[in-house]
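In the numbering used here, the protein residues as written are 1006 to 1198.
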């Protein structure tokens, strides 16, 4: 598999697996190419897969009652992604996950992953650590939205997603920060002076 080395390298940094467990884990993934602008998961759908971004960029987002995109998170190369609430509860996905660039993904059926959790303790540990990382990220994001002003949230975005501001339209960043594009322009101008 073309991107298996990326997957193995990322897993080794998160929770190293014995070679046989890493091979079994990688074996449940298959490649999928996603063009820019395509949704991998649609709100209201019943997704059955988790994924890994081997190359490219995804975002998770909501459509507000006013019809506006509200960015929740960005998934850069080397990131795992999943509509976790939907997978765990069996409820329809509350979010969309879509490509902001042409992307190469590795996707796996969640049911196959659950079988590995039950039979390979090291993979179960990997799953726990991935969920812990996701929880920490969610808590950090909520804290930023509540406790930081817009300029501080922008600085935190630049630290967490270094270089991303040059790759995507500014309105996506503004949406993620919970501000308007005009507010973001003012913050960026003030930061340069």
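Ideal Cβ positions, reconstructed from N, Cα and C, are used throughout, including at glycine.
The structure displayed is predicted, hence computed values, not measured ones.
How close, in whole Å, do the beta carbons of residue i and residue j come, if the pair is a contact with beta carbons under 8 Å?
| i | j | result |
| --- | --- | --- |
| residue 1188 | residue 1179 | 7 Å |
| residue 1058 | residue 1091 | 19 Å between Cβ atoms; not a contact. |
| residue 1098 | residue 1016 | Going by Cβ atoms, the distance from residue 1098 to residue 1016 rounds to 25 Å, so no, they are not a contact pair. |
| residue 1035 | residue 1112 | 6 Å |
| residue 1105 | residue 1086 | Rounded, the Cβ-Cβ distance is 13 Å, inconsistent with contact. |
| residue 1039 | residue 1110 | 6 Å |
| residue 1081 | residue 1162 | Between residue 1162 and residue 1081 the Cβ distance is about 12 Å, and since that is not below 8 Å, they are no contact. |
Within the present structure, is the beta-carbon of residue i separated from the nearest heavy atom of the ligand GTP by less than 6 Å?
| i | result |
| --- | --- |
| residue 1165 | Inclusion of the ligand GTP in the displayed structure is not the case, the ligand content being empty and no account of it being possible. |
In angstroms, rounded to a whole number, what distance separates the CA positions of residue i and residue j?
| i | j | result |
| --- | --- | --- |
| residue 1121 | residue 1041 | 32 Å |
| residue 1076 | residue 1130 | 30 Å |
| residue 1065 | residue 1144 | 16 Å |
| residue 1154 | residue 1124 | 46 Å |
| residue 1164 | residue 1116 | 35 Å |
| residue 1093 | residue 1022 | 24 Å |
| residue 1192 | residue 1128 | 43 Å |
| residue 1215 | residue 1079 | The structure shown does not extend to residue 1215, since the chain is modelled only from 1006 through 1198, so no value can be given for it. |
| residue 1032 | residue 1138 | 23 Å |
| residue 1186 | residue 1175 | 7 Å |
| residue 1126 | residue 1027 | 12 Å |
| residue 1018 | residue 1084 | 12 Å |
| residue 1134 | residue 1141 | 10 Å |
| residue 1052 | residue 1088 | 7 Å |
| residue 1170 | residue 1012 | 25 Å |
| residue 1146 | residue 1159 | 12 Å |
| residue 1030 | residue 1009 | 10 Å |
| residue 1067 | residue 1020 | 31 Å |
Can you check DSSP and say which residues form a bridge with residue i?
| i | result |
| --- | --- |
| residue 1102 | 1046, 1065 |
| residue 1183 | DSSP, once it has assigned bridges, lists no residue as partnering residue 1183. |
| residue 1109 | 1038, 1060 |
| residue 1114 | 1054 |
| residue 1085 | 1057 |
For the alpha helix (DSSP H) containing residue i, name the first residue and the last one.
| i | result |
| --- | --- |
| residue 1011 | 1009-1019 |
| residue 1024 | 1024-1032 |
| residue 1153 | Here residue 1153 belongs to no alpha helix (DSSP H), and DSSP marks it neither H nor E. |
| residue 1093 | 1089-1094 |
Need the endpoints of the beta strand (DSSP E) that residue i sits in, please.
| i | result |
| --- | --- |
| residue 1077 | 1074-1081 |
| residue 1059 | 1054-1060 |
Counting C-beta neighbours from all protein chains within 10 Å, is the total for residue i 16 or more, i.e. buried, or is it exposed?
| i | result |
| --- | --- |
| residue 1061 | buried |
| residue 1103 | buried |
| residue 1095 | exposed |
| residue 1119 | exposed |
| residue 1183 | exposed |
| residue 1136 | exposed |
| residue 1072 | exposed |
| residue 1055 | buried |
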